[in-house]
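*Asks:* Just passing along the structure, written as structure tokens.
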Amino acid sequence: MKTTESRILPNAADKAVLKQLASMVVQTCPSLHDSAHTVARELLEKHNLHGLDPDKVYFHRFKAAQSNPHTFTGWEHIREKPYETQTLTQLVIHRFRATDQDNADLLDLWAGFYDVGPVFTDFNQTNEVRLHGRDVLNDFWSIQFSERYNQQLHNFWDKSADDFRTLAKCSFLSKAVQALEHRQLSETDLQAVLDAVAPGLTWPITLAALKTTSHGDASRVRTVDIAGHVATNLLRIVTQDGRQIVYIPGEDPGFQVFKTAADLHWWFMQQLDKEQPRTNLLYHFPLADRHAISEDIPALMSKLVHAWGTADHHLINQKNQVITGDAFTWLRDSTRSAMFAEADLCLTSNGDLRKKLWIGYLSAGLRVFGPMAAVGWPVALPVLGAGIASLGLNIDQAQQGKTPQERKAGVLGAVFAGIFILLDLLAIKGPGPMEEVGEEVEASLAKESAQWRERLEPEEPPESPPVNTVAPGATPVIEPPAPPDVAPRVIPESWQINELLEDDMLGTEPGTYQGIYKLRSEPWYAVMIKGLGYYARLERDVNGPDFWTAIDPSGSPLSKPIPIRLNTAGEWEPMTDLKLAGGTGGLFKKIFRRPPALPPTVQNPLSDYEIPLSERPALDSAASYPPPGRYTFADDAAFVGEDPHASFKAARQRLFRDAATYLNGYTPRPRPPVPQLPANASTSDALRTLLRNDRAIVFGESHASVGSKQLLIDNMAVLAEADVKTIYLEHLLTDFHQAALDVFHETGFMSEKLRRYLQNLDFGHVTDRLGQYNFLELVKAAQANKIRIQSLDCMASYRLQGLTAPSVEGQQLANNAPRQAMMNYYASTVIRADQAARGAHKWVALVGNTHASNFKGIAGLDEIEEAFSVRVKDVPPGQPGRFRPDPGIEPTTDHSGLKSDLLFETPIPAQPNTLQEYSRLLQKPGMFTIKQLPNSHTLVHRSRAGDLVDTAIRHNAGQFFIEQPKWPTIDGQRFDSLKQLVIALEQTGMTLADKPRHL
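Under my numbering, think of the first position of the sequence shown as 4, with each following residue one higher.
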């Protein structure tokens, strides 16, 4: 890499154009599944079957049938599971059997369409979809889906081939930079990679540089193949010293470095040995090769293992093909060929090969075979930076309603994140670290961005929608629609009610029911709008937060509820509906959401207690990593000149005064009764019951607790299904961490600073020694399930060292527990503001036990927010993990005691303490565990010789690694978390001895 003397700044216009290219390419990229889904939906509409999802309409085949005049087909199938099943979407792709063409009249007898899957045993009028098999068969002849889809492929590649190559190069370079940051690539490795694929590259990256084709060393860039099967989109860079660097688009990490051919051989055996890694790896191969490898996997693994034992590596990269031209042109052309080949293979009618691939694809148990799991999904998107896991490559996820728009919006988030990472990088000096930039650079960048926004976003929207004209050959520019000038809705006068709404019925505390009158009979709720009363109802929205509506008291089904909201003055008013027709509002919101930026550039509205943006850099270290004694925050500390921490101390004093005043005058309100939970209820069912009865749960924990994090992580999908949108979390600061949390939630990109802070939390509180159930993994699990993490602390509520309590009414109460008083009050303001900004929605909070419920007279969050509280306690294995009424902690001389609504006891294996305990735990060779001490971890395992061996786990720059030359695939490899290290050890064949059971 080279840098010019006069440094060039990143180009905001290039970034905007790249985002437009990404939007166009991702939105128009054909997917065999999505195209078939569209055809299937059109077919259902044609037969007057509206509102059905083709992925949830099943075509079952049976071996027996009984006559039933009440069914649409005249036949039913009782106490029998289908022997073959396809969804209607899959049926569009695979078509009917050749024998069905001559026996179409028998399709209603031996098969049928139903809205339940093959796990059921009774199929009749209660679950049938009113379609005749022969009608669908005839429709397929006229639809000609094969020709239709092939034309879509031709249109896409004719228009977008160059843009696809540009974005593929952008994704590659972005992943390379991230790999350097995470120490997955050394500086020498990065230089070798760039010299091979983009020699002479200068920084910052420009759009012109991404469009430029490059020819590196002709012998350096090669394909990857296994037993002669060449991957579609894997690149292999061979360095001068013989090391091999493999680029794996759509995976994390995106680069793998192998010192020798033996290391690469071993890595492939690891990937092919287990189902999920094998599925991910095979996704990078053409469909026919996926099937061939999968069919032959036992024999192939036997050959690989035997060859490994004799130091024979010829099965790996035996073709060793050299990519002589531009690497990204090859990626594009290879991807294009794979998509056409997939279409030809899947859409062939009556061919023996297609029968071999598809008959029995879905068994009665709805099992998805590994190599087939990704069939029909957009194989091009990982090359652009989309994570394979984000594409929903299995039938279950499709059944849960993951729409093409949602998938592609998620893909856009990943692609946009890569664009911002790459184009925000100013310079790389040779193979060394990135150059530091000054304020003048940031100011220039901000100015250029503002100028570009002015060009894209005119100050005044046009009076009528403008007509877009695009020059021939030009890429159309997608711009977010200007907000229309729409008058607020008017609530009909006939909806007014005569019921007396009294003050004692009004909800005044922050939360869902703020400003809502709770009535004593149905319809239960009412609001006042401009002095007039209306009945109200809380509506659930699967695409966003819940919201309140005004409703017609007559109950007429023709009257649609009118959404209402609390304005900034605390008064209810009707909302203006700005959703786009056709259901595209959510998609535009996702495409044009706030771009992922690093925390200093995110302008969030400040509370009275947060540190001003201009003063945060000086306090950043103190907020996140305060070594004892290094920072002087004493309110009475003497300074020569101006106190550099004056604004922080003033905010802290202000927060104490406001918290003391609020809590001193606080009067608890009645909370909803805790529902009775069956004694044998599973953990997930209990959570569903709690969230069905109320909008929120406050979980209290000891911060070292494993069980509290495990309860949430293991049931994160349950929380998402229950429509929980936010997890409010103690320890994270709104003024220093929230911006990075929002970026991670939107894009999946976690900043290094946030990751290290979470790791430090886990070290400091000595959380899960196995690295599976801690604060870091909790944040990751929430993001994976689209649940947002919201900080509950700020620096003023969290850093109390040196606080001198000001004189204020309620001071004595607050002095009993200043941390609890200040945090609980501030947390309530955060929840209140968040619920107002994002609309009333379901949430859970994870805080310390003394914050969840009343402690030393300080109201807990459960009281303030009118929520259920659950105290989570770790107990020894053997005890059932269950919910029960909390008996409380009795007051002692050392503890004031506390009591929540419920107690959940989590069986957690205790860490061994003696040699005898380790010996009993690790009984067989290959078994291992993690020994944890404050700020250190040790791997303990039973060797083949039967000895107990300790290996220090190093922690450097936020990553974990071990130095063990006997394990070449693990030795020195960096992992972002202990969990990743544990998984890597398990993939080598070792066994974790004390893994907690799933809750």
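The C-beta atom is built at its ideal place from N, Cα and C for all residues, glycine as well.
Just the Cα atoms here: how many angstroms apart are Trp-311 and Ala-265?
*Replies:* For Trp-311 and Ala-265, the distance between alpha carbons rounds to 7 Å.
*Asks:* Please state the DSSP three-state secondary structure of Gly-494.
*Replies:* The sequence as given places Ile at residue 494; Gly does not occur at that position. Reduced to three states, the DSSP call for Ile-494 is coil.
*Asks:* Under a three-way DSSP split, which group does His-309 fall into?
*Replies:* DSSP places His-309 in helix when its eight states are reduced to three.
*Asks:* What residues are listed by DSSP as bridge partners for Val-241?
*Replies:* Val-241 pairs with Gln-247.
*Asks:* Starting from the C-beta of Glu-704, find all residues in its chain whose C-beta is less than 7 Å away, skip the five residues before and the five after it, and write them out in chain order.
*Replies:* Ser-711, Leu-849, Gly-851, Asn-852 and Val-875, listed in sequence order.
*Asks:* Go through its chain and collect everything with a Cβ distance to Ala-107's Cβ below 6 Å, but skip five positions before and after it.
*Replies:* Closer than 6 Å at Cβ, skipping near neighbours: Arg-137 and Leu-140.
*Asks:* What three-state label does DSSP hand Arg-841 in the structure shown?
*Replies:* Correct three-state label for Arg-841: helix.
*Asks:* Check the C-beta distance from Leu-658 over to Ala-799 and give it rounded, since I have them as a contact under 8 Å.
*Replies:* Rounded, the Cβ-Cβ distance is 5 Å, consistent with contact.
*Asks:* Tell me which residue opens and which closes the alpha helix (DSSP H) that Leu-174 is part of.
*Replies:* With the sequence shown as reference, residue 174 is identified as Ser, and Leu is not the correct amino acid for it. That run of the alpha helix (DSSP H) goes 148-184.
*Asks:* Since Val-287 contacts Leu-237 with CB under 8 Å, what's their CB separation in whole angstroms?
*Replies:* This sequence places His at residue 287; Val is not what is there. His-287 to Leu-237, Cβ: 5 Å. Contact.
*Asks:* Helix, strand or coil: how does DSSP classify Asn-852 here?
*Replies:* In this structure, Asn-852 counts as helix in the three-state DSSP scheme.
*Asks:* Which ranges would you report for the alpha helix (DSSP H) in the region 255-286 if only whole runs of at least 4 residues count?
*Replies:* Within the region 255-286, the complete alpha helix (DSSP H) runs of at least 4 residues are 264-276 and 278-285.
*Asks:* Does the pairing of the region 840-847 with the region 882-895 give three or more beta-carbon distances under 8 Å?
*Replies:* Cβ pair count under 8 Å is below three, so no.
*Asks:* What is the rounded straight-line gap between the Cα of Ser-650 and the Cα of Ile-614?
*Replies:* Distance between the alpha carbons of Ser-650 and Ile-614 is about 7 Å.
*Asks:* Please report the Cβ distance between Arg-655 and Val-811, rounded to the nearest whole angstrom; I am assuming they are in contact, meaning their Cβ atoms lie under 8 Å.
*Replies:* Contact flag wrong, Cβ pair sits at about 13 Å.
*Asks:* Measuring only the C-alpha atoms, how far is Val-473 from Asn-51?
*Replies:* Here Val-473 scores only 35 on pLDDT, less than 50, and its place in the model should not be relied on; the value that follows carries that caveat. Going from the Cα of Val-473 to the Cα of Asn-51 covers about 38 Å.
*Asks:* What does the Cβ neighbour count give for Pro-599, buried or exposed, with the cut at 16 atoms within 10 Å?
*Replies:* The pLDDT assigned to Pro-599 is 37, lower than 50, so where the model puts this residue is not dependable; a value taken from the coordinates is nonetheless given after this. By the neighbour-count rule (16 or more Cβ atoms within 10 Å), Pro-599 is buried.
*Asks:* Look at the alpha carbon of Pro-289 and the alpha carbon of Asp-198, and state the distance between them as a whole number of angstroms.
*Replies:* Spanning the two alpha carbons is a distance of roughly 28 Å.
*Asks:* Rounded to the nearest angstrom, how far is the Cβ of Glu-542 from that of Pro-564, given a contact under 8 Å?
*Replies:* 7 Å between Cβ atoms; contact.
*Asks:* So, for Asn-320: in the same chain, excluding its five sequence neighbours on each side, which residues have a beta-carbon less than 6 Å away from its beta-carbon?
*Replies:* The residues are Asp-228.
*Asks:* Output yes if chain B places a C-beta closer than 7 Å to the C-beta of Phe-702; else output no.
*Replies:* Protein chain content of the structure displayed is limited to a single chain, and chain B is not contained in it.
*Asks:* Does the Cβ of Pro-33 have 16 or more other Cβ atoms within 10 Å, making it buried, or fewer, making it exposed?
*Replies:* Buried, because 16 or more other Cβ atoms sit within 10 Å of the Cβ of Pro-33.
*Asks:* Would you tell me roughly how many angstroms separate the C-alpha atoms of Lys-521 and Phe-702, rounded to the nearest one?
*Replies:* Rounded to whole angstroms, Lys-521 to Phe-702 spans 26 Å at the Cα level.
*Asks:* Per DSSP, what kind of secondary structure is Leu-795 in: helix, strand or coil?
*Replies:* Strand.
*Asks:* Pull up the distance between the alpha-carbon of Leu-918 and that of Leu-864, whole angstroms please.
*Replies:* Cα-Cα distance, rounded: 44 Å.
*Asks:* According to DSSP, which residues form a beta bridge with Phe-550?
*Replies:* Answer is Glu-542, bridged to Phe-550.
*Asks:* Using only the alpha-carbon positions, how far apart do Lys-756 and Phe-747 sit?
*Replies:* The straight-line gap from Cα to Cα measures roughly 12 Å.
*Asks:* Can you list the alpha helix (DSSP H) stretches of 4 or more residues lying completely in the region 900-951, in chain order?
*Replies:* Fully enclosed alpha helix (DSSP H) runs of 4 or longer: 918-924.
*Asks:* Under 7 Å between the Cβ atoms of Val-709 and Asp-771?
*Replies:* Cβ atoms of Val-709 and Asp-771: closer than 7 Å.
*Asks:* Helix, strand or coil, according to DSSP, for Trp-361 in the structure here?
*Replies:* Low per-residue confidence applies at Trp-361: pLDDT is 39, beneath 50, and the placement is therefore not dependable enough to give any value.
*Asks:* To the nearest angstrom, report how far apart Ser-163 and Val-28 are at their CA atoms.
*Replies:* The alpha-carbon atoms of Ser-163 and Val-28 are separated by roughly 7 Å.
*Asks:* Short of 8 Å in beta carbon distance, which residues of its chain neighbour Ile-790, apart from the five on each side in sequence? Order them along the chain.
*Replies:* Cβ within range, chain order: Met-719, Leu-722, Ala-723, Val-727, Lys-728, Thr-729 and Ile-730.
*Asks:* Since I believe Arg-151 is in contact with Phe-75 (beta carbons under 8 Å), could you give me their beta-carbon distance rounded to a whole number of angstroms?
*Replies:* Not a contact, Cβ separation roughly 28 Å.
*Asks:* Check whether the region 72-86 touches the region 107-120, taking contact to mean three or more Cβ pairs, one atom from each stretch, closer than 8 Å.
*Replies:* Flag = yes, the region 72-86 and the region 107-120 touch.
*Asks:* DSSP on Ser-617, reduced to helix/strand/coil?
*Replies:* DSSP places Ser-617 in helix when its eight states are reduced to three.
*Asks:* Within the same chain, show all residues whose beta-carbon is closer than 6 Å to that of Leu-356, passing over the 5 residues directly before and after it, in chain order.
*Replies:* Note that Leu-356 has pLDDT 32, beneath the 50 cutoff, so the model's placement of it is unreliable and no number is given.
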